[in-house]
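Under my numbering, the first residue of the sequence shown is numbered 53, with each subsequent residue one higher.
Please read the structure below before turning to the comments.
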Amino acid sequence: MAGDLTFYTHPQSRGRIVRWALEEAGASYETQVVEYGTTMKGEDYLGINPMGKVPAIVHGGHVVTECAAICAYLAEAFPAAGLAPDASERADYYRWLFFAAGPVEQAVTNHAAQFVPRPEQGRMFGYGNYELTVDVLERAVSAHPYIAGDRFTAADIYVGSAVGWGTMFGTLPKRDAFLDYFGRLSEREAYRRASAKDDALAAELQPAQAPA
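See below:
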C-alpha cells in the first residue's frame, strides 16, 4: 500500500496540512494541482471528491478526503514514520484531533463570519461558544509538549495547523501557549520542507507580472 499515492491540492488551501502529513510520513506521492472554479469543480475531480474541494488523496485505488481523516490514515498507512499513537497516547490523540476538526473548526469559522450563536443555541452548535472553545484548546496544547503527550504524532499536524493558521490570520488569539506550541512544530524538517514545496508551487501559479 506504500505506492500509488496521488495528492490533489492547491497550494493556497488546506492542502498544506496534508502536504505536511505526507512529508512527515515519508510517502512517495504524485501532486495534482486542482484549480479553484475550474478543474476543482470539473467532472473528473468531482468523481474523486463530490464536494469539489481539496485536499484529497487516492492511495492504492482508495479515496480519502477531509484533512483530519487523511492525517490519521497516513499515520496508519505508513507505520514506520511513527505518527500513529501508542496505547498511552491513543485517547488524547483521537480526542484532540477530532476536537480540532469539529468544535475548533466550527467556532473559528463562525467567529470569522461574525456569527455568534445565542446562549440558548449553544447545544445546537456543539462548540458552545468561541471563547470556551479557545480556552479548552489552550489548555490542551499546554498540557504536554505535544497534543497526545511527549511525542509528535499525526494529531499535531492537524491541531498544529489550526493553531498556526489561526494565530497567523487572527482567527485565534496570539496566546503564549499557542505560539509556543506551534513554534515547536514549525521547526520540524518535514514542516519546513512541505512549506517550501507549497510556496514554490504557489509562486509558479501566480500570473506573470505585466511589464511596468
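Every residue, glycine too, gets a C-beta built ideally from N, C-alpha and C.
Owing to the predicted nature of the structure, the values given are computational and were not obtained by experimental measurement.
ask   = Can you tell me where the beta strand (DSSP E) with glutamine 158 in it begins and where it stops?
value = Here glutamine 158 belongs to no beta strand (DSSP E); instead the alpha helix (DSSP H) covers 157-164.
ask   = Once you ignore the five residues that flank arginine 68 on each side, which residues in its own chain have a CB closer than 6 Å to its CB?
value = Asp250
task = Report buried or exposed for histidine 62, applying the criterion of at least 16 other Cβ atoms within 10 angstroms of its Cβ.
result = buried
ask   = With a Cβ-Cβ cutoff of 7 Å, do valine 168 and isoleucine 122 count as a contact?
value = no
query = Can you tell me whether glycine 112 is buried or exposed, with buried defined as 16 or more other CB within 10 angstroms of its CB?
reply = exposed
inquiry  = Please give me, in chain order, every unbroken run of the beta strand (DSSP E) with length at least 3 that falls completely inside the stretch 96-142.
reply    = 108-111 and 114-117
key: In DSSP terms, what threonine 61 is bridged to   = Val85
query = By a C-beta neighbour count over all protein chains shown, 10 Å radius and 16 as the cutoff for buried, is alanine 143 buried or exposed?
reply = exposed
query = Quick one: is aspartate 271 buried, meaning 16 or more other Cβ sit within 10 Å of its Cβ, or exposed?
reply = Only positions 53 to 264 of the chain appear in this structure, which leaves residue 271 out of reach.
message = Mapping the DSSP letters down to three states, classify tyrosine 233 as helix, strand or coil.
response = helix
key: Contact with chain D by glutamine 84, beta-carbon distance below 7 Å   = The chain inventory of the structure shown lacks chain D, comprising one protein chain alone.
request  = Could you check the C-alpha separation between isoleucine 109 and tyrosine 60 for me, to the nearest Å?
outcome  = 6 Å
query = Which of the three DSSP states, helix, strand or coil, is assigned to glycine 201?
reply = strand
task = Could you spell out the range, first to last residue, of the alpha helix (DSSP H) harbouring glycine 174?
result = 174-177
inquiry  = Distance check for serine 140 and phenylalanine 177, CA to CA, integer angstroms please.
reply    = 31 Å
request  = With a threshold of 16 other CB atoms inside 10 Å of the CB of arginine 175, please say whether the residue is buried or exposed.
outcome  = exposed
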